[in-house]
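So the sequences go chain by chain: X, W, P and B. Mapped onto our numbering, the consecutive letters of the first sequence carry residue numbers 1 to 337. Mapped onto our numbering, the consecutive letters of the second sequence carry residue numbers 1 to 337. Mapped onto our numbering, the consecutive letters of the third sequence carry residue numbers 1 to 337. Mapped onto our numbering, the consecutive letters of the fourth sequence carry residue numbers 1 to 337.
There are 4 protein chains.
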Amino acid sequence: MGIAAAVVGLGYWGPNLARNVAANADLELVALCDSSPERLARVGRVYPAARTFSDLGELLRWRVPELLVVATPVATHHALASAALRAGSHVLLEKPLAASVREGEDLLEQADRLGLRLLVDHTFLFTPAVQEVRRQVSEGALGPLLYVDCVRIALGLFQPDVDVVWDLAPHDLSILEHVIGERPARIRAIGSSHNPRGIADMAHLHLDYADGLRAHVHVSWLSPVKIRRMILAGSRQSLIFDDLEPAEKVKLYDYGVSFDTGDLEARREVLISYRKGDMRAPALASTEALTAEMRHVVAVLRGEAEPIAPGSGGLSVLRLLDAASRSLAQAGQAVAI
Amino acid sequence: MGIAAAVVGLGYWGPNLARNVAANADLELVALCDSSPERLARVGRVYPAARTFSDLGELLRWRVPELLVVATPVATHHALASAALRAGSHVLLEKPLAASVREGEDLLEQADRLGLRLLVDHTFLFTPAVQEVRRQVSEGALGPLLYVDCVRIALGLFQPDVDVVWDLAPHDLSILEHVIGERPARIRAIGSSHNPRGIADMAHLHLDYADGLRAHVHVSWLSPVKIRRMILAGSRQSLIFDDLEPAEKVKLYDYGVSFDTGDLEARREVLISYRKGDMRAPALASTEALTAEMRHVVAVLRGEAEPIAPGSGGLSVLRLLDAASRSLAQAGQAVAI
Amino acid sequence: MGIAAAVVGLGYWGPNLARNVAANADLELVALCDSSPERLARVGRVYPAARTFSDLGELLRWRVPELLVVATPVATHHALASAALRAGSHVLLEKPLAASVREGEDLLEQADRLGLRLLVDHTFLFTPAVQEVRRQVSEGALGPLLYVDCVRIALGLFQPDVDVVWDLAPHDLSILEHVIGERPARIRAIGSSHNPRGIADMAHLHLDYADGLRAHVHVSWLSPVKIRRMILAGSRQSLIFDDLEPAEKVKLYDYGVSFDTGDLEARREVLISYRKGDMRAPALASTEALTAEMRHVVAVLRGEAEPIAPGSGGLSVLRLLDAASRSLAQAGQAVAI
Amino acid sequence: MGIAAAVVGLGYWGPNLARNVAANADLELVALCDSSPERLARVGRVYPAARTFSDLGELLRWRVPELLVVATPVATHHALASAALRAGSHVLLEKPLAASVREGEDLLEQADRLGLRLLVDHTFLFTPAVQEVRRQVSEGALGPLLYVDCVRIALGLFQPDVDVVWDLAPHDLSILEHVIGERPARIRAIGSSHNPRGIADMAHLHLDYADGLRAHVHVSWLSPVKIRRMILAGSRQSLIFDDLEPAEKVKLYDYGVSFDTGDLEARREVLISYRKGDMRAPALASTEALTAEMRHVVAVLRGEAEPIAPGSGGLSVLRLLDAASRSLAQAGQAVAI
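What follows is the structure in structure tokens.
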């Protein structure tokens, strides 16, 4: 028998998680939970072997799964994950980890104390593309990074509970941390709101890292075109990760600018030379990210691997989101992390 | 005989101006001027009827052209344009207008006093694409604008005399003023420098307009890919101007989000509805911008048209560049215009 | 209870059909059948309520489903579909309908005699894009068609049982018949083989219609890039259907050429005028084709709709494939249909 | 003083040739010739040092240039080039070389007899992209070629004197010969006409080479979109040359299919394995083709280089065009070269 797993929250993303739990031979989808009877019935029909619950308490009273996957609105994360941890379940939480830094810290503390795994569903970290980006950066193919520019915009789905920063930026922030291996020292956020709820639906984040590196993240729910692109300009090579490219998602450009400063006093100008070499798109595996993520979750629960997306990573993103919100509220003032 | 015109400055852009002066039947290219004998010889060979000079003073002593076209480094604009105006020439200046707001104001004042035309070469305003964007916005096809996002990045040519903001942003700033018909109240600039000259080679400008509209302009000389794209998100429709599209540079998206706030008290949530209608790329004329610009310059000199890109427009861009430079130097503090 | 349905053949396409049968509330996936125990186990795990069989005979002895969905290699279609029809099942057959025209005719004849529905899975006909193309053509938006050009190439999966024409061309041939509403009078096929099985892995089909209209279909398993594009050049407007475009799959170009032949004798040349009007991408629904197809199959089985993709359409495609094979074997000689 | 050169024919392409003659320091543009006074005046104004003639005879009586560049309609090529050769000029002829194979042979024979150079303006051979394609193929990077597919379509300019095959196919046919280094054994052409002149405005050419290699060339004046793309599928790697890509015109795909036929008798099926490696876009020089071509023409006239595009290459293309015309007239029958 596989590891018993349950999924709570069957809105937009939950059914994908359920499908990938069901498809993994080492996991067994024993239960589904959602407060909406329609959603429960619609998803439940596809997995007749899973028992359905409208309330997590009931589910846990029936049986404590080894793994609880939580894909509910963020406001409910803390309560549901706490209940599951107390009952003895490991927890995989949809991003963002929780509604506040304090809640996130509390969840980590609980999991730690109870000796349970708290994982965050930063799905992008399991894509072959992001793994390739991380490999190139960590192996030094780009040289020292000059700057990073991320754009994630579309005619988005307004979320009921979070603004565009909390909805979309976690993807970029988790990728940045995974790829750069460093956390920014401060953040500035400039955005605007065009909806009656008054929440930001378009924003720019500016992240300053210790060594002068600067990253920019642009998110919007109001763009007529969909763009999901990350530019990492490096001193040796540069890299583009374009998630909407069907085939070549990662491209390395052997381009560079170099400055001859050997004899500055004798000359009025710095000599600049440009190099425009080949572009190369490395072959990527075609594994689906959620498939790889579930395989990894199994390995973590069996003690065979260290988490790629631990709760601490989720908390780190949460701290950035929290700082971004404060900067937004202060008209773009820099906020230290 | 056509209007006698001379071109000073035969570096990168000057030869294009010379070619378009020569090709316009109402203009007569009488002289070329450049301090480099090689450049002068190379361009002069193509226009044997034009006399060549290594010094503008000499040229003006030989003959005062009705129009002097200036395409030299910006640091020399004020001296050269002043000399030409004093001699009695109308002047068409390459952007940016001058090296400082003070210099720009002085040039405008001189031209005004002498009754001469001072024009700025904001070439983009003469492209069929920008004219279409302006038409759509001014006719209200987009509805009230929500936000504007401009990206102009490439593995750029480091300029000897200006930073990336002064080099590339004038294009976007002049288009924004032309299209929106309004000047921003304040500007913030966040950038970084990766070259020994210490000037910004990557920057983000945030422009705040009086009515809450926000525009973002991203410029870079360090991007491995070339992007020249402007998104105007509107309440009714949205528009993309992608200057690198060979055929459909302007696209209108009949997309929108609307919020039902009729009975907020009775409901916990705002009802949101999305509209994803047709996309339409209006037919554009295939006129070359410089051809149209030269035709327009002739009309202005003949008193038949009001300038589309008057010196005052160039001064307006200069004020924004100057404010952007101050913001850059103050780590992104907002600077009022 | 829904209409009882079973799926036989769980290779590449069968699991998609199973998933869509399961997701349709009016259908009930009662059984799965495949000769491979691994495939049966892998797919069966996802649908525990469905009984699994390694042999169709057994399945039919256990229970005759109202609908049998067949997604096995084409060589087995006739035997499996015949068995199902004789047992009393309606049949939905993966394309191509059968391995020969004779087999296809026999299946149609049987279904007809037994009063059962024989449907063919021409999935593309259920995509919003193809429905839009058909609407535009049938409403005359393009004017009389000038020519059609279809390209469907990729680094393809070599099929065990058919050549590239039988594998890929059914998509284009079924779309062409659906959109044009007419069958070609003759066909020529020019191809080549680069594999030890000696079957064509790259081919061009030329279809001649009665009224001079000509269509070209290029298929290949050996192309480094994936292209799925159909150009319909019309006298009034032209249309592109690019299936790989994420957002604007159908584009209408208000382009045209017109010839003034009013007074030919008096002039040496025909006056040609070009019109380059707007491009428009009509909004398309985002319905998944298989979802729509299953809904339609239910309606057909309930007698509420006439089949969009009846067996006769599948037979028509089969006749073209058969003629194409004969032309291929005769070095591209035209073969009448 | 440079080599004296004259340009006859100042329609669409002639002015580009004139500009590149004028810009080359080793050539001297001494004369321009066109039967249209308007065209002559318009182009003449740009090159005041060049004398203008409405008749080639007059021009040759005034002075015999070392090089005559001919860019007139193809029907006049033979007469004009003959006159120039007889007078003692080397000749660079716009493609296609002449209006018939016989005319082309006669021109070659004359040039040969008189010891003069007859060159054909196959501009594409001088592009960095085509040179890269040729290098990759000749160095064996692609392995033995499997097939070639060329598409050159647009809403084209109907030519007054030739059909779409004679207008557009010379580009592809000259590139194919240059790159493959071999001439096809036979050709088939299938096309159609939708204009009152009755000439083909859309056509497909199929070329069969001695060793089983097959190439396809699709040309059209009626396509709503512009495509200029060449796919060379190779056994080792494949290559795409997309002339409309602004930056990466040539892409190499390290993709392949291999077939294990080691022990066919023991197994029912051939084992197929796919390789999807990296894609690479080699850096290309940014030289303008006409600039390179003029430099090459100078080298040929000085005896420093052998022609890349000799008259014999133009004649070879002419033979293919002639055979294509005969095949078109015979409904696509194969015509031996």
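Think of the CB as a built atom: it goes at the ideal place given N, C-alpha and C, for glycine as much as any other residue. In this text, all values refer to a predicted model and were calculated from it rather than measured experimentally.
Min CB distance P/K276 to chain W below 9 Å
Numbered from 1 along the third sequence, position 276 holds the residue referred to as residue 276 of chain P. Interface criterion met: the Cβ of P/K276 is under 9 Å from a Cβ in chain W.
Short check: CB of B/D121 to CB of B/A81, under 9 Å?
Position 121 of the fourth sequence holds residue 121 of chain B. Position 81 of the fourth sequence holds residue 81 of chain B. Not closer than 9 Å, so no.
Span of the beta strand (DSSP E) holding X/E132?
Along the first sequence, read from residue 1 onward, the residue named residue 132 of chain X stands at position 132. According to the DSSP assignment, X/E132 belongs to no beta strand (DSSP E) but to the alpha helix (DSSP H) extending over 128 to 138.
Using C-beta distances below 8 Å, list every residue in its chain close to W/A5, excluding the 5 sequence neighbours before and after it, in chain order.
Residue numbering aside, residue 5 of chain W sits at position 5 when the second sequence is read from its first letter. Correct list, in chain order: V21, L27, E28, L29, V30, P65, E66, L67, L68, V69.
Buried or exposed, going by whether 16 or more other CB atoms sit within 10 Å of the CB of W/Y147?
Position 147 of the second sequence, counted from the start, is the residue given in the question as residue 147 of chain W. Burial call: buried.
In chain order, what residues of the region 230 to 254 of chain X put their CB closer than 9 Å to some CB of chain A?
Going by chain labels, chain A is absent from the structure shown, which instead holds the protein chains X, W, P and B.
Beta carbon of B/V164 nearer than 9 Å to that of B/V219
What you label residue 164 of chain B is simply residue 164 of the fourth sequence in a count that begins at 1. What you label residue 219 of chain B is simply residue 219 of the fourth sequence in a count that begins at 1. In this structure, the beta-carbon distance from B/V164 to B/V219 falls below 9 Å.
For W/A334, the three-state DSSP class (helix, strand or coil)
Within the second sequence, the letter at position 334 stands for residue 334 of chain W. Coil at W/A334, not helix or strand.
Would B/A323 be called buried (16 or more neighbouring beta carbons within 10 Å of its own) or exposed?
On the fourth sequence, position 323 is the one that residue 323 of chain B refers to. Looking at its Cβ environment, which holds 16 or more other Cβ atoms inside 10 Å, B/A323 is buried.
Give the single residue among P/A49, P/A18, P/A25, P/N24 whose Cα lies nearest to the Cα of P/D34.
Reading the third sequence from its first residue, position 34 is the one you call residue 34 of chain P. Looking at the Cα atoms, P/A18 is the closest of the given residues.
Using a Cβ-based criterion (distance less than 8 Å to any ligand heavy atom), does P/S174 qualify as near the ligand NAP?
Here there are no bound small molecules, and the ligand NAP is not part of this structure.
Hey, how far is the Cα of P/L318 from the Cα of B/V151?
Walking along the third sequence from the start, residue 318 of chain P turns up at place 318. Walking along the fourth sequence from the start, residue 151 of chain B turns up at place 151. Each residue's Cα considered, the two are about 29 Å apart.
Do X/P343 and X/P184 have their C-beta atoms within less than 9 Å of each other?
Residue coverage of chain X in this structure runs from 1 to 337, which leaves residue 343 of chain X outside it and unanswerable.
Shortest alpha-carbon distance to B/Q237 belongs to which of P/L222, P/A49, P/G256?
Here residue 237 of chain B is taken as the residue at index 237 of the fourth sequence, counted from 1. It is P/L222.
Nearest-angstrom Cα distance between X/D201 and X/H194?
The residue given as residue 201 of chain X occupies position 201 in the first sequence. The residue given as residue 194 of chain X occupies position 194 in the first sequence. Taking C-alpha positions only, X/D201 is separated from X/H194 by approximately 7 Å.
Check whether the region 236 to 251 of chain B touches the region 231 to 246 of chain P, counting contact only when three or more Cβ pairs, one atom from each stretch, lie closer than 8 Å.
Taking 8 Å as the limit for Cβ pairs, the verdict is that the region 231 to 246 of chain P does not touch the region 236 to 251 of chain B.
Check distances from the C-beta atoms of the region 33 to 48 of chain P to those of chain X and list, in chain order, the residues that come in under 7 Å.
Hits within the stretch, in order: V46, P48.
Ignore the nearest five residues each way along the sequence and tell me which others in P/V250's own chain have a CB closer than 7 Å to its CB.
Mapped onto the third sequence, residue 250 of chain P falls at position 250. Hits under 7 Å: A129, E132, V133, L239, F241, A281, P282, L284.
Here's a check: name, in chain order, each residue in its chain whose Cβ is nearer than 8 Å to the Cβ of X/R267, leaving out the five neighbours to either side.
Reading the first sequence from its first residue, position 267 is the one you call residue 267 of chain X. Any reading at X/R267 needs caution, since the residue's pLDDT is 47, under 50, leaving its predicted position unreliable; the model's value is listed next. Taken in chain order, the list of residues that qualify is empty.
Could you please give me the residues that DSSP links to P/D260 through a beta bridge?
Within the third sequence, residue 260 of chain P is the residue found at index 260, counting from 1. The partner list for P/D260 (beta bridge, DSSP) reads P/L271.
Which of helix, strand or coil does DSSP assign to W/A266?
In the second sequence, counting from the first residue as 1, residue 266 of chain W sits at position 266. Low local confidence applies: a pLDDT of 48 at W/A266 is under 50, so the model's placement there is unreliable, and no value is given.
Please state whether DSSP places X/A79 in a helix, a strand or coil.
Counted from its first residue, the first sequence places residue 79 of chain X at position 79. It is helical.
Got a sec: which bits of the region 185 to 197 of chain X sit with their beta carbon under 7 Å from any beta carbon on chain W, in order along the chain?
Flagged, chain order: R188, I190, S192, H194, N195, P196, R197.
Alpha-carbon spacing of B/P307 relative to B/R228, whole angstroms:
If you number the fourth sequence from 1, residue 307 of chain B lands on position 307. If you number the fourth sequence from 1, residue 228 of chain B lands on position 228. Rounded to the nearest angstrom, the two C-alpha atoms are 26 Å apart.
Check the Cβ of P/K95 against every Cβ in chain X and list those closer than 8 Å, keeping chain order.
Translated into positions along the third sequence, residue 95 of chain P becomes position 95. Close partners of P/K95 in chain X (Cβ separation under 8 Å) are lacking, with about 24 Å as the shortest Cβ gap.
Extent of the continuous alpha helix (DSSP H) to which B/E304 belongs
As a working note, residue 304 of chain B is residue 304 in the fourth sequence. Segment: none, B/E304 is in no alpha helix (DSSP H) and carries neither H nor E.
Span of the alpha helix (DSSP H) around P/L60:
As a first step, residue 60 of chain P is located in the third sequence; it is residue number 60 there, counting from the start. Run containing P/L60: 56 to 62, per the alpha helix (DSSP H) assignment.
How is the beta strand (DSSP E) around B/A154 delimited, first residue to last?
In the fourth sequence, residue 154 of chain B corresponds to position 154, counting from 1. Counting along the chain, the unbroken beta strand (DSSP E) around B/A154 starts and ends at 145 to 155.
If you check the beta carbons only, do B/R197 and B/Q333 fall under 9 Å apart?
In the fourth sequence, counting from the first residue as 1, residue 197 of chain B sits at position 197. In the fourth sequence, counting from the first residue as 1, residue 333 of chain B sits at position 333. Contact annotation: B/R197 and B/Q333 have beta-carbon atoms that are not nearer than 9 Å.
What are the residues that DSSP puts in a beta bridge with B/Y253?
If you number the fourth sequence from 1, residue 253 of chain B lands on position 253. According to DSSP, which records beta bridges pairwise, B/Y253 is partnered with B/S238, B/M279.
Where does P/R19 fall in DSSP's three states?
Along the third sequence, one-based indexing puts residue 19 of chain P at 19. If DSSP states are grouped into helix, strand and coil, P/R19 belongs with the helices.
CA nearest to the CA of P/H204, picked from P/G212, P/A210, P/L315, P/H216
One-based indexing of the third sequence puts residue 204 of chain P at position 204. With respect to the C-alpha of P/H204, the residue from P/G212, P/A210, P/L315, P/H216 having the closest C-alpha is P/H216.
Going along the chain, which residues of the region 276 to 303 of chain W sit with their C-beta nearer than 9 Å to a C-beta in chain X?
Look at the region 276 to 303 of chain W: the residues with a C-beta under 9 Å from a C-beta of chain X are K276, M279.
Proximity winner among X/Y253, X/Q330, X/L290, relative to X/Q136 (alpha-carbon distances):
The count along the first sequence starts at 1 and reaches residue 136 of chain X at position 136. The residue with the shortest Cα to Cα distance from X/Q136 is X/Y253.
Helix, strand or coil at W/T287 according to DSSP, with G and I counted as helix:
As a working note, residue 287 of chain W is residue 287 in the second sequence. It is coil, neither helix nor strand.
Name the DSSP bridge partner or partners of P/R229?
The residue labelled residue 229 of chain P in the question sits at position 229 within the third sequence. Residue pairing by DSSP places P/R229 opposite P/V151, P/D242 in a beta bridge.
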